[in-house]
Amino acid sequence: MANDVDSKSKAAKEEGGVLETIKVVVQALLIALVIRTLLFQPFNIPSGSLIPTLLIGDYLFVSKYTYGYSKHSIPFSPPLFSGRVWAAEPKRGDIAVFKLPSDNSTDYIKRVIGLPGDRIQMIDGILHINNTPVKRERIADFVTTDNWGRSAPVIQYRETLPNGVSHQIIEREGDTGTFDNTQVFIVPPGHFFMMGDNRDNSLDSRDRSVGFVPFENFVGRAEIIFFSIDDGASAWKIWEWPSTVRWSRLFSSIK
Numbered sequence: 001m002a003n004d005v006d007s008k009s010k011a012a013k014e015e016g017g018v019l020e021t022i023k024v025v026v027q028a029l030l031i032a033l034v035i036r037t038l039l040f041q042p043f044n045i046p047s048g049s050l051i052p053t054l055l056i057g058d059y060l061f062v063s064k065y066t067y068g069y070s071k072h073s074i075p076f077s078p079p080l081f082s083g084r085v086w087a088a089e090p091k092r093g094d095i096a097v098f099k100l101p102s103d104n105s106t107d108y109i110k111r112v113i114g115l116p117g118d119r120i121q122m123i124d125g126i127l128h129i130n131n132t133p134v135k136r137e138r139i140a141d142f143v144t145t146d147n148w149g150r151s152a153p154v155i156q157y158r159e160t161l162p163n164g165v166s167h168q169i170i171e172r173e174g175d176t177g178t179f180d181n182t183q184v185f186i187v188p189p190g191h192f193f194m195m196g197d198n199r200d201n202s203l204d205s206r207d208r209s210v211g212f213v214p215f216e217n218f219v220g221r222a223e224i225i226f227f228s229i230d231d232g233a234s235a236w237k238i239w240e241w242p243s244t245v246r247w248s249r250l251f252s253s254i255k
């Protein structure tokens, strides 16, 4: 009898331990979901469209609350409601993550260039906003890699938007690239014009496959780089971190 009681007591403790573990895991997942949905979401940079500001291999946090919340703030974008709640419009110069308008599912990250009602045009590589050329000044070349993985210097400018936001851009093809001369784009109400800082290697609002981005499609604003590793390196190979992690970029703010 005593052995039966001991066995039942042991089984009850084990069951209680399993249930407690499950409870802790569920609570942790719910907390993570709340943080990801309402506060911050991690993203990594897979392409070079925002070089030199963001590099392939950068990992960053995006604030979800900055622009308010839409269905795209929630994983898988369930159609629970339309529009935004607690909305605050993006500012010119913000680097923002948004859902590609053509499929409402693919994450893109670009810089906000045009606000609703703006007239945007590229003329000989120079950005024009509302018929006024945006100030840019030549600075030291940026060293990146070409299509064969070789180091190559490219032309770099510091561009200053009308609201005073200053950032760096590069021109791989000088001022004769595909999107260095465009039509005039008039940004519709409730939409924004997005561009990459790597002006000759960015699929953005200058291309009809992206076009104007509805406010509802914004996910959040890029805030800080929390990790960065060389292009082609594997983040899980911890033993290689001393030589592959870009230590100077860790915990740097995004502008």
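Under UniProt numbering, the sequence shown is numbered contiguously, ending at residue 255.
Idealized CB from N, CA, C, for every residue including glycine.
Here phenylalanine 40 is actually not in contact with isoleucine 109; their C-beta atoms are around 15 Å apart, not less than 8 Å. By the neighbour-count definition (other C-beta atoms within 10 Å, threshold 16), glutamine 183 is an exposed residue. In this structure isoleucine 113 is buried. Its beta-carbon is surrounded by 16 or more other beta-carbon atoms within 10 angstroms. Taking C-beta atoms as the reference points, arginine 158 and aspartate 200 fail to come closer than 8 Å. Per the DSSP secondary-structure output, valine 62 pairs in a beta bridge with Gln41, Ala222. Sequence-distant Cβ neighbours of glycine 190 in its own chain, meaning closer than 7 Å and more than five residues away, are Pro116, Pro214, Phe215.
Per DSSP, threonine 160 lies in no alpha helix (DSSP H); the unbroken beta strand (DSSP E) holding it starts and ends at 151–160. Nearest neighbour of lysine 255 by Cα position, chosen from Arg208, Gly57, Gln168, turns out to be Gln168. As DSSP reads the structure, tyrosine 69 sits in a beta bridge with Val85. The alpha carbon of glycine 177 has as its nearest neighbour, out of Gly164, Met194, Ile155, Phe185, the alpha carbon of Ile155.
One thing to note: arginine 84 has its Cβ no nearer than 8 Å to the Cβ of serine 105. Between the alpha carbons of isoleucine 170 and aspartate 197 lies a distance of about 6 Å. Asparagine 130 is classed as exposed because its beta carbon has fewer than 16 other beta carbons within 10 Å across all chains shown.
Following the DSSP letters along the chain, one finds threonine 145 inside the beta strand (DSSP E) bounded by residues 135–145. Secondary structure of leucine 250 (DSSP, three-state): coil. At the C-beta level, lysine 99 and valine 187 stay beyond 8 Å of one another.
For serine 243, the enclosing alpha helix (DSSP H) starts and ends at 241–244.
According to DSSP, residue pairing for serine 166 in a beta bridge involves Thr160. The continuous stretches of beta strand (DSSP E) do not include lysine 255, and DSSP gives it neither H nor E. When secondary structure is reduced to three states using DSSP, lysine 99 falls in the strand class. Under the three-state reduction of DSSP, leucine 127 is assigned to strand.
As computed with DSSP, aspartate 107 is found in a beta bridge with Lys99.
When the beta-carbon positions are compared, arginine 249 and serine 228 come within less than 8 Å of each other. In the displayed model, phenylalanine 179 falls within coil according to three-state DSSP, outside both helix and strand. Here DSSP, grouped into helix, strand and coil, assigns glutamate 171 to strand. The C-beta distance from glycine 125 to aspartate 180 rounds to 4 Å, short enough to meet the 8 Å contact threshold.
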